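**Q** The opening position of the sequence shown corresponds to residue 1339 in our numbering, with each subsequent residue numbered one higher. For glycine and all other residues, C-beta sits at the position ideal for the given N, C-alpha and C. As the structure is a computational prediction, the values presented were derived from the model and not from experiment.
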Amino acid sequence: MSEQQETSQGRQITLESGDPPDRGEAAHEREFPSSSALVTAQVVRIIELLVAEGFIEESKKNQVAVCFQEGLWNAVVHGNRESFSTPVSLRIFDDGDEWHAQIDDRGDGFTSAVLNEPVEDSEWGQSGRGLRIMSLYAKRVAYYRDGRTLVLTFERSGKRRQDPAESGDTATEKSP
């Protein structure tokens, strides 16, 4: 079953009951405890890595960081309910011209009604903006496994680091 919500920018946020597409081996993987205190540090580390490896340009890092902040925060707070012993996993998949960030939590998921909730100010602050913010900067926002897996798709904006074998450079470093 697939549910969709279209944002004001015409981008869709989808919710699927099944597993995300198999994208092969992850280029990067990490797992961390579900603590809101750890989210920002994880975002900083992964953004530095993505810039260094040519997934994103320096000029796009704040936009991608906002998506990671929202996605990881939702997984930690709403999915795993900040249960420190319950990890959140993050995997990066490289598809050449685009790349995917997959965030998995171990919560109960959510229904399509969440996609249609109005953005509102609550007693505790602003609520309901995360999905819409992610849809502004990501090429695609898709939830799988009834909301327990988020896949953000981005266009590669940085210069891809080449493996010397791919570039035809066969020079090797020799030790004295």
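Just to confirm the assignment, what range does the beta strand (DSSP E) spanning F1370 have?
**A** 1366 to 1371
**Q** By DSSP, does I1430 sit in helix, in strand, or in coil?
**A** Of the three classes helix, strand and coil, the one that applies to I1430 here is strand, per DSSP.
**Q** I'd like to check one pair, A1413 with S1372: are the Cβ atoms closer than 9 Å?
**A** yes
**Q** What is the C-beta distance between N1418 and G1445, in whole angstroms, given that I count them as a contact (C-beta under 8 Å)?
**A** 5 Å
**Q** If you run the structure through DSSP and keep just helix, strand and coil, what is E1408?
**A** helix
**Q** Under DSSP, the alpha helix (DSSP H) around L1469 begins and ends at which residues?
**A** Element bounds for L1469: 1468 to 1475.
**Q** Kindly indicate the opening and closing residues of the beta strand (DSSP E) around R1478.
**A** Bounds of the beta strand (DSSP E) holding R1478 are 1478 to 1482.
**Q** At what residues does the beta strand (DSSP E) containing E1493 begin and finish?
**A** 1487 to 1493
**Q** By Cβ distance, which residues of its chain are closer than 6 Å to Y1481, with the 5 residues on each side in sequence left out?
**A** The answer, listed in chain order, is L1353, L1488.
**Q** Please list, in chain order, all residues of the same chain as G1362 whose beta carbon is under 8 Å from its beta carbon, the five residues on each side excluded.
**A** In the same chain as G1362, and ignoring 5 residues on each side of it, the C-beta atoms closer than 8 Å to its own belong to F1431, in chain order.
**Q** Helix or strand or just coil, what does DSSP make of E1395?
**A** Residue state, collapsed to three classes: coil.
**Q** Any idea what DSSP makes of W1462, helix, strand or coil?
**A** For W1462, the predicted structure reports a pLDDT of 47, less than 50, and the residue's modelled location is therefore unreliable. A value from the coordinates is still provided. Coil, per DSSP.
**Q** Would you check if the distance between the CB atom of F1370 and the CB atom of A1439 is smaller than 9 Å?
**A** no
**Q** From G1409 to S1473, what distance separates their C-alpha atoms?
**A** In a straight line, the C-alpha of G1409 is about 11 Å away from that of S1473.
**Q** When you compare only the Cα positions, how much space is there between Q1350 and P1425?
**A** Here the alpha carbon of Q1350 sits roughly 28 Å from the alpha carbon of P1425.
**Q** Can you give the Cα-Cα distance for V1377 and W1411, rounded to whole angstroms?
**A** 6 Å
**Q** When burial is assigned at 16 or more other CB atoms within 10 Å of the CB, is D1357 buried or exposed?
**A** exposed
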